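Trainee: Heads up, the first sequence is in our numbering, so the first residue is 24 and it goes up one at a time.
Dropping the structure in here first, questions after.
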Amino acid sequence: MKSELERLLADAVSSLVGTVLPQAVDPAWINVERARDASHGDYACNIALRLAKTARRPPREIAQAIVAALPPSPMIARAEVAGAGFINIHLVSDAHSAVLRQVLERGERYGESAAGGGERVILEFVSANPTGPLHVGHGRQAAYGATLGNLLRVTGHSVHREYYINDAGRQMDILTLSTWLRYLEAAGATLPFPSNGYRGDYVQAIAAQLELRHGRELQRSAAQVLAGLPQDAPQGDKEQYIDALISRMRALLGAGGFDQVFELALAAMLADIGDDLSAFGVEFDRWYSERELARSGAVERALGELEARGALYRKDGALWFRASQYGDDEDRVLVRANGQSTYFAPDIAYHLQKRERGFERLIDVLGADHHGYVARVRGALVAMGEPGESLEACLMQFVSLFRGGQRIPMGKREAQFVTLRQLREEVGNDACRFFYLMRSHDQQLDFDLELAKSRTNDNPVYYIQYAHARVASVMKQLEARQLQYDASMASDNLARLDSPQEQAALRELARYPELVLQAARARAPHALVHYLRELANTFHTWYNASTFIVEDAPLRNARLALALGVRQVIGNGLGLLGVSAPDSM
RNA sequence: GCGCCCGUAGCUCAGCUGGAUAGAGCAUCAGGCUUCGAACCUGAGGGUCGGGAGUUCGAAUCUCUCCGGGCGCGCCA
């Protein structure tokens, strides 16, 4: 509809070139917007205002000329000049009911488009280190990533969802050590827990699995473990201390023994994270292991590529990337003086892999604290001959939990932090996903548990679900009265939907495909949440203003068709959000 | 100090690539159920869009600057 109108206006404008207008106009300039106010008709165009300067004529005069030159169309009832020089377009009422027909015909596919042109997108999100359970911040990234993926899919993109597993770094060694120490403790050993270790209860649970699997074969005495170690913090350096402990563990158990603990801890964490996400309705096409990436030689290949292009140099025994020449603030270390690579080297290789696998667009959903990371990865891509624009980062601001106005303190390494699982169990998946998506991703989120849990009128989740359930309820009532919905009678009588509330509902339904496209392009799932609230509001208003099941059969069926259309679109929208659309609640 | 995000009604937030009189929810106040679900609806009050300057027909939106809040700035990830 929108593009149709833009085409008509472009025709009108080009016919004026040479008379009213001095030169040809780029069709991209001609944008039609949905009118904000119903009195302004259905669509509005500001092209006359934009052309006023070059044409050196008053905008209203140009607008008048465009309206006069507008080719006739069966869709347009009338076009008029308003305000400073806007062109307001009123559609014929058939155009409104045509939308409803489309909703009912296309069903679940209403709102889909091919706008993305099949662009191959890899969407990486969550990618939390497998060193602990997901917390509430990861939950936001999960909800956002999953819904963004849905939005891109229905707007004609080929979407691949991926979770990058950081299973090769030092953090995993620390988890392995933490697990082993808890395992020793459980067998009665008394030893201090490193200040830098993972203290969460889940570590004890993994230690218990270790005991179950390996019995006492990995036991060593506290004296063996602690002999000759440096001081832990606060007297000593906690990093040195924990590295020494890791080395000690390797020495006492051998590489094989260490790996046994490592593999068990990793598998346990991945199972926990995977189950958690799956229960939250978040699925991935692939879980991409950093270790496998490293084993494949991809890291060396990426470094070789950088080397070949002269983007590397050695300084102070380390290998550096000339990031500052590719848009970053300063150069970055890839391989430390001790020979170990930083997290950055495999990340470069991973992103190069994404390009090599044929993805045109690389979207990373990251926590806001990773914003500095984007410039260096993009710089590395550019240095390797890839287009920097292909990488796009969606930075998620932080989540603060509140319980009835009281902030719940959260710390990362501390024993007590709220996990995603705890949050989901307390407020439910629907409210959880909805609340995560209510706010723009670059807005810090205050998540109030009491509000999310409340089954009262101030909880916006139920407001939308209620509209869906109400339609289902009406259909049940219809059956109870021994009546049947007659789709063809409805279709013949859509012109009867002429009340202000019905017109408003039709307009909202027509807006949905545009909204979905806009939300996808702006990477803004929250726009969909707001739209659904507005759609539900128009429906509730209509519901309160008129009775659907009336004696007049043509009118009754037309109204039921509209109600079913509303239900369909609410269902489609909630589906994209990953929120259920119940028939009763 | 530098970089990123934010600042809009009492509170929490929308406001699309600049457009017409800046909008919701909650809270407050006043109304609406013998009728398809009142988890709903109707109405009212409430604003120097953080301050200032600029760009132009037009700025909450773009630019600069200042103020305030959050987050980064490591041979951690």
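Beta carbons are placed, not taken as given, at the ideal position from N, Cα and C, and that holds for glycine.
All figures in this text were calculated on a predicted structure; none of them were measured in a lab.
Drop a sphere of 10 angstroms on the beta-carbon of D387, count the other beta-carbons inside from all chains shown, and report buried for 16 or more, exposed for fewer.
Mentor: Label assigned to D387: buried.
Trainee: Give the range of the alpha helix (DSSP H) segment to which D295 is assigned.
Mentor: Counting along the chain, the alpha helix (DSSP H) containing D295 begins and ends at K261 to A302.
Trainee: Quick check on this structure: which residue in Q429, E185 and P410 has the alpha carbon closest to the alpha carbon of W310?
Mentor: With distances taken between Cα atoms, W310 lies closest to E185.
Trainee: Would you kindly report the start and end of the unbroken alpha helix (DSSP H) that includes M195?
Mentor: Run containing M195: R193 to A209, per the alpha helix (DSSP H) assignment.
Trainee: Leaving aside the five residues before and after L31 along the sequence, list all residues of the same chain whose C-beta is less than 7 Å from its C-beta, in chain order.
Mentor: Same-chain partners within the cutoff: L93, P94 and S96.
Trainee: Would you mind listing the beta strand (DSSP E) stretches within the stretch 337-382 that are 3+ residues and don't spill past its ends, in chain order?
Mentor: If we require 3 residues or more, the beta strand (DSSP E) runs fully inside the stretch 337-382 come out as 341-344 and 355-358.
Trainee: Near Y221, what residues of its chain come up, given a Cβ to Cβ distance below 7 Å and the 5 sequence neighbours on each side ignored?
Mentor: Result list for Y221: T154, G155, I197, L198 and S201, in chain order.
Trainee: Thinking C-alpha only, which one of L389, Y396, R380 and T365 is nearest G350?
Mentor: Of L389, Y396, R380 and T365, the residue nearest in Cα terms is Y396.
Trainee: If we ignore side chains and look at the alpha-carbon of each, how far apart do Y133 and P536 end up?
Mentor: Approximately 7 Å between the Cα atoms of the pair.
Trainee: Report the rounded CA-to-CA distance for V609 versus D308, giving the unit in angstroms.
Mentor: It is not possible to answer for residue 609, since the shown part of the chain is limited to 24 through 608.
Trainee: Reducing DSSP to helix, strand and coil, say where A545 ends up.
Mentor: Three-state result, A545: coil.
Trainee: Measuring straight from C-alpha to C-alpha, what distance separates E147 and G297?
Mentor: Answer to the nearest angstrom: the Cα atoms are 15 Å apart.
Trainee: Could you check the C-alpha separation between G596 and L551 for me, to the nearest Å?
Mentor: Distance between the alpha carbons of G596 and L551: 7 Å.
Trainee: If you reduce the DSSP assignment to three classes, tell me which class R436 lands in.
Mentor: Residue confidence for R436 is low, a pLDDT of 42 falling below 50, so the modelled location carries little weight; the figure read from the coordinates is stated next. DSSP places R436 in coil when its eight states are reduced to three.
Trainee: In or out: E412 buried (at least 16 other Cβ within 10 Å) or exposed?
Mentor: Exposed: under 16 other Cβ atoms inside 10 Å.
Trainee: Select from E56, G408, S37 and E379 the residue whose C-alpha is nearest the C-alpha of R538.
Mentor: For clarity, residue 538 is Leu in the given sequence; the question names Arg instead. Of E56, G408, S37 and E379, the residue nearest in Cα terms is E56.
Trainee: Tell me, please, whether the stretch 179-193 touches the stretch 247-258 by the rule of three or more beta-carbon pairs shorter than 8 Å.
Mentor: Short answer: they don't touch.
Trainee: So, under 8 Å CB-CB, L113 and A121 are touching, yes? Tell me the CB distance rounded to an integer number of Å.
Mentor: For clarity, residue 113 is His in the given sequence; the question names Leu instead. That belief does not hold up - the Cβ atoms of H113 and A121 are roughly 15 Å apart, past 8 Å.
Trainee: Using DSSP with H/G/I as helix, E/B as strand and the rest coil, what is E185?
Mentor: Here E185 sits in strand by DSSP.
Trainee: Shortest alpha-carbon distance to L287 belongs to which of Q505, A398, Q227 and I110?
Mentor: The shortest Cα separation from L287 among Q505, A398, Q227 and I110 belongs to Q227.
Trainee: For I70, which residues in the same chain have their Cβ closer than 6 Å to its Cβ, ignoring the five residues on either side in sequence?
Mentor: Contacts found: I53.
Trainee: Kindly list the residues whose CB is nearer than 6 Å to the CB of I269, restricted to its own chain and excluding five residues on each side of it in sequence; keep chain order.
Mentor: D196 and L200.
Trainee: Are there 16 or more other CB atoms within 10 angstroms of the CB of R447, so buried, or fewer, so exposed?
Mentor: By the neighbour-count rule (16 or more Cβ atoms within 10 Å), R447 is buried.
Trainee: Assuming G192 contacts Y366 under a Cβ cut-off of 8 Å, what Cβ separation, rounded to an integer in Å, is found between them?
Mentor: With 8 Å as the limit, G192 and Y366 qualify as a contact, their Cβ atoms being about 6 Å apart.
Trainee: In chain order, what residues of the same chain lie with their CB nearer than 6 Å to the CB of D34, ignoring the 5 residues before and after it?
Mentor: The residues are P94.
Trainee: What does the Cβ neighbour count give for G223, buried or exposed, with the cut at 16 atoms within 10 Å?
Mentor: Its Cβ being crowded by 16 or more others within 10 Å, G223 is buried.
Trainee: Report the three-state DSSP secondary structure of R504 (helix, strand or coil).
Mentor: The answer is coil: DSSP assigns R504 none of H, G, I, E or B.
Trainee: In angstroms with no decimal places, state the Cα-to-Cα distance between H63 and R332.
Mentor: Their Cα atoms are separated by approximately 59 Å.
Trainee: Roughly how many angstroms separate the alpha carbons of L127 and Q591, rounded to a whole number?
Mentor: Looking at the two C-alpha atoms, the distance is approximately 8 Å.
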